[in-house]
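2 protein chains.
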Amino acid sequence: MDNRRMPTIGDVARLAGVSTGTVSRVLNQRAGVHPQTRERVLEVMERLGYVPMQAARELTGRGDTVGILLAPGVRRYIPYFVLLFEHLTEALWREGMRLEETPTDAAGLPLKPARGYILLGAHDHDPRLEALQNAQTPHVLIGVYPGAYWVAPDDEGGAYAATRHLLELGHRQIAHLTGQPQQQVGRERLLGYRKALEAYNVPFQPHLVLDGDFSTLTAYRVLRKAWEQGLRFSGLFAASDEMALGAAAALEDVGMRIPQDVSLVGFDDLPEIGTALTTVRQDIAQIARAAVRLLKESLAGGAPHGLRVPVQLVLRGTTSLKEVRTA
Amino acid sequence: MDNRRMPTIGDVARLAGVSTGTVSRVLNQRAGVHPQTRERVLEVMERLGYVPMQAARELTGRGDTVGILLAPGVRRYIPYFVLLFEHLTEALWREGMRLEETPTDAAGLPLKPARGYILLGAHDHDPRLEALQNAQTPHVLIGVYPGAYWVAPDDEGGAYAATRHLLELGHRQIAHLTGQPQQQVGRERLLGYRKALEAYNVPFQPHLVLDGDFSTLTAYRVLRKAWEQGLRFSGLFAASDEMALGAAAALEDVGMRIPQDVSLVGFDDLPEIGTALTTVRQDIAQIARAAVRLLKESLAGGAPHGLRVPVQLVLRGTTSLKEVRTA
DNA sequence: ACAAAGACTGTAAACGCTTACAAATATCCT
DNA sequence: AGGATATTTGTAAGCGTTTACAGTCTTTGT
C-alpha cells in the first residue's frame, strides 16, 4: 500500500511559497486572499492531490461531521428512514463531509457535538429543535417546518397524481388507505386524494377512507375486514407501498385480482418493496442531496427556508382501465 | 444543546492527580502503570463519563474508524439489524472508536478504507469475506462462521428454552412458525424446537411446522390459513417476535384468545415490538459489545474464534397452563 | 548500606489544521 | 508627500491525544 506521507497543508504552503495560514484561508474560501495567490495555491493543491485531513479539522472545531437525529419514539427501522440514511451518507460524502453515527442521551440529544445535524421525524414542538436553535447549531429537518430549514417531498401533489390516474382510468369508487392522522405526511396525502376527487366532480365518500398506520399487517386486516363487510371499490390508493402490499394480499385472499378487479396505487416506490406496483416515486436521493445543500446554506448562515422535492407517478402493473361490465 | 466542554484527557489527569501521559497509558492498556493509579484513573474516567476524542487519536495515527458492511441484497431495515447498528455505535464509541457510514461500491466493498469492519448478513462464501481476508483487514462477523471471528446468539438454546416452557405448561400440540430455511438462524431455532420435543418424548409432527419468512404479514397469512384448514395446536413457538405478532393477529381474527386458547412464544425481544410477548430475549447490546471485543482482538492479531452470546426466556402474558378440558 | 536494576510517572514535542493577532504592503485622501 | 485605511500575508498558539525520553521511587543483590 502507498506508504508515502499524504501531503499536508505545510507541503502546499512551501511549494506555493506562502504560509500555512494563507493555504488554510484558500481552503476555507475565506476572503482576503489575493486572487493570484489563491490561484497559485490551488494549482499546487491540484498538483499534489492534496486532500485536507478531516480529523485535524475536527480537532479545531471545524470538522464537517454531520450527525443524524431521529426523534425519540420514532421507529428507526422504517424502510424510508433507513434508505434516507443511506442516501444522506452518499450525498454528504460527495461534499467531503462525513456522516457519523452519534449516540444520543435519553432526551435524544447527541452525546457528541457535530458540525450540523439532520433531523428526522421531529414533531412541531420538539424540544430538541429549540435546543439546536438556541445553540445556533446548523440543522435541516426532513418534513415541513416553517421557520427552519426543511426538505419534504410533494406529498399532496403525489397523492393528487395517484388519484387522478385512477380517475382517468375510469374508476369512480376509489378508496384511500391512510397513514396515521397524527403524521403530517398522512394528512397531506389524504388532502391530495380529496382534491383530485373534487377536480373530477366525484363526491367524497368518508366511508371509503380506511384508517391505516403505515404498517403492512394493519393494511391487510383493515382491507380484508372492510371487504368482507361489503365495502366495494374498483380503485385503491394506499398512502404507502408497504400498506399497498398488505392491501394487495388481503384483496387476493378475498378472491380479487389486481388489476382486473381492483386497481391499486401505492406511494414511495422504495426499492425492494412492491417493485411491481404502480406507485408515486419519491426520489430519496434527491431529497438527501437537497438536505445536504440546505445544510451547507445553514452552515454558511442565511435565512432558513424550505424545499419541496417533486415526486413522480410510476406506471406499473397494478392499475388498469375500469372494466365496463355489460349488464 | 449541551455546551459544556466534553471532558478531555487533561481533565481526567487533573482530577486523578496524575499526568496526561499516565492517563493515556491507562487508556491504551499499556503496561507499566501502578494498579492503584490505574484504578484511580479509571474511576475518574467513569465519573466524568470521559470518552476519548477520536479525531485527536487519528491525528496521532492511532485512529480506530470502523465500518459496517451489510451483505448486498440483505434488507437493511430489518429491525434487528437497525438495533444492532445502534448498539454497535454505542459499543464502539465507548472504546474510543467511531463507526463511520461508508458508502460501498457495487460489489459491496467500502469506498474508503477503515481500520476494521463488522459484517452483517454475510453468507458462507461471500466474496467480500475473501477480499477482507486477503487484505488482512480485521473483521468480525455476526452469525456463525467457523474460521473467522464471529459472534452469534444462542439460537438453538433459546428455541429449546421456549419450547420447553410450552411443554412444561402441559402443551403437547406445539406448532412452530419458522424463518426461511436458507438462513442459519431459522435452522438453528428449528433444531432447538425439535430437541426439546425429543427431550420430553413428544413426537415431532412435520405438519405442525409452518413455513414463515420472518415477516409479519406472511406469519398472519400462514397462521390464518392453517387454522382455517383445521390445523389445531395449543402452543405456538414463532421464530421471531415479528412473526409472533402476525400470528397473534391471525389467531385473534379466527376467534382464539391468547393465552387462554393458544399459548404463544416469540424470539428476539426487540424493544417496541411485542412488548407483551413471552419471548426469548437476545441481548443485542451484549452481542455488540462482544463484536467490538473480538474486533479489538482481531486488531491486535490472534487466532480467529467465535463467541456465543446467551439468551434468556422472558415470561410475559402470552403463555399459560394448558387448560384441561373435562370431557 | 550502596549501587544497579526495575517499576512507575511526568514532560514536552509532535500530529494537521484553524484563527486571532500582528506585520507588511497597497490604496486613498487631502 | 504624509498620513489614514484597507488589503493581504505571516506567526504562533491552540485543539486532544500519543510517545520517546528523562526523571523519581522501589526493590534487589551483595
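Taken in sequence, the protein lines are chains A and B. Mapping the first sequence onto the working numbering, position 240 (from 1) lands on 240, and the numbers just tick up by one. Mapping the second sequence onto the working numbering, position 311 (from 1) lands on 1311, and the numbers just tick up by one. Built from N, CA and C at the ideal position, the CB exists for glycine as well. Bear in mind that the values here come from a model prediction, so they are computed numbers and not experimental data.
Taking the CA atoms as reference points, A/Y149 sits about 50 Å from B/G1302.
By the criterion of a C-beta distance shorter than 7 Å, A/V254 is surrounded in its chain by R224, W227, E228, once the five residues flanking it on both sides are discounted. Taking the CA atoms as reference points, A/G179 sits about 10 Å from A/E188. Contacts with chain B (Cβ-Cβ distance below 8 Å) from the stretch 261 to 281 of chain A involve E272, listed in chain order. For the options A/P153, A/L119, A/G317, A/E90, the alpha carbon positioned closest to that of A/R281 is the one of A/P153. The Cβ neighbour count for A/L321, taken over all protein chains shown within 10 Å, is under 16; the residue is labelled exposed. Check the Cα spacing between A/Y220 and each of B/A1249, B/S1240, B/S1234, B/L1208: the tightest is with B/A1249. Relative to B/R1232, the option among B/L1210, B/G1306, B/L1129, B/G1266 whose CA is nearest is B/L1210. Of all C-beta pairs linking the stretch 1010 to 1025 of chain B to the stretch 1037 to 1055 of chain B, three or more are shorter than 8 Å, placing the two stretches in contact. At a cut-off of 8 Å, the C-beta of A/T20 has no neighbouring C-beta in chain B. B/P1007 and B/P1259 have their C-alpha atoms roughly 52 Å apart. Looking at B/I1068, B/G1157, B/H1125, the one whose alpha-carbon comes closest to that of B/T1137 is B/I1068. If you look at A/L120, you'll find it in the beta strand (DSSP E) that goes 116 to 120.
Closest in alpha carbon position to A/E46, among A/L208, A/N134, A/D11, is A/D11. Comparing C-alpha distances from A/R194 to each of A/L166, A/F214, A/R57 shows the shortest one belongs to A/L166. Here A/V262 really is in contact with A/G235; their C-beta atoms are around 7 Å apart, less than 8 Å. For the 8 Å CB-CB criterion, A/M256 and A/T216 do not form a contact. With contacts defined by Cβ atoms closer than 8 Å, B/F1237 and B/I1287 do not form a contacting pair.
Taking 8 Å as the CB threshold, B/I1078 lines the interface with chain A.
For the stretch 30 to 55 of chain A, the set of positions with a beta-carbon nearer than 9 Å to some beta-carbon of chain B reads M53, Q54, A55 in chain order. In the three-state reduction of the DSSP assignment, B/G1021 falls in the helix class, which pools H, G and I. Considering only A/L59, A/Y80, A/I9, the residue with the shortest C-alpha distance to A/P271 is A/Y80. Annotation for B/H1165: no beta strand (DSSP E) segment contains it, though the alpha helix (DSSP H) segment containing it runs 1155 to 1168. Of the candidates A/R316, A/T37, A/G266, the residue whose Cα lies closest to the Cα of A/L15 is A/T37. For the 8 Å CB-CB criterion, B/S1240 and B/F1267 form a contact. Beta-carbon to beta-carbon, B/L1190 and B/H1207 are separated by about 14 Å, too far to satisfy the 8 Å threshold.
With a 10 Å radius around the Cβ and a threshold of 16 neighbouring Cβ atoms, A/G186 comes out buried.
A/Y145 is outside the set of residues whose beta carbon lies under 8 Å from a beta carbon in chain B. Pairing B/G1116 with B/L1070 gives a Cβ-Cβ distance that is not under 8 Å. Contact between A/L141 and A/L119 holds: their C-beta atoms lie close to 5 Å from each other, under 8 Å. Any Cβ of chain A closer than 8 Å to the Cβ of B/Y1220 would place that residue at the interface, and such an atom is present. Around the beta carbon of B/D1124, fewer than 16 other beta carbons sit within 10 angstroms, so the residue counts as exposed.
With the criterion set as a beta carbon lying under 7 Å from some beta carbon of chain B, the members of the stretch 197 to 231 of chain A are T216, L217, Y220, R221, in sequence order. For B/D1011, there is no enclosing beta strand (DSSP E); the enclosing alpha helix (DSSP H) covers residues 1009 to 1016. Its chain contains V151, A290 as the residues whose beta carbon lies nearer than 6 Å to that of A/L307, once the 5 sequence neighbours on both sides are disregarded; these appear in chain order.
Not one beta carbon of chain A lies nearer than 8 Å to the beta carbon of B/A1285.
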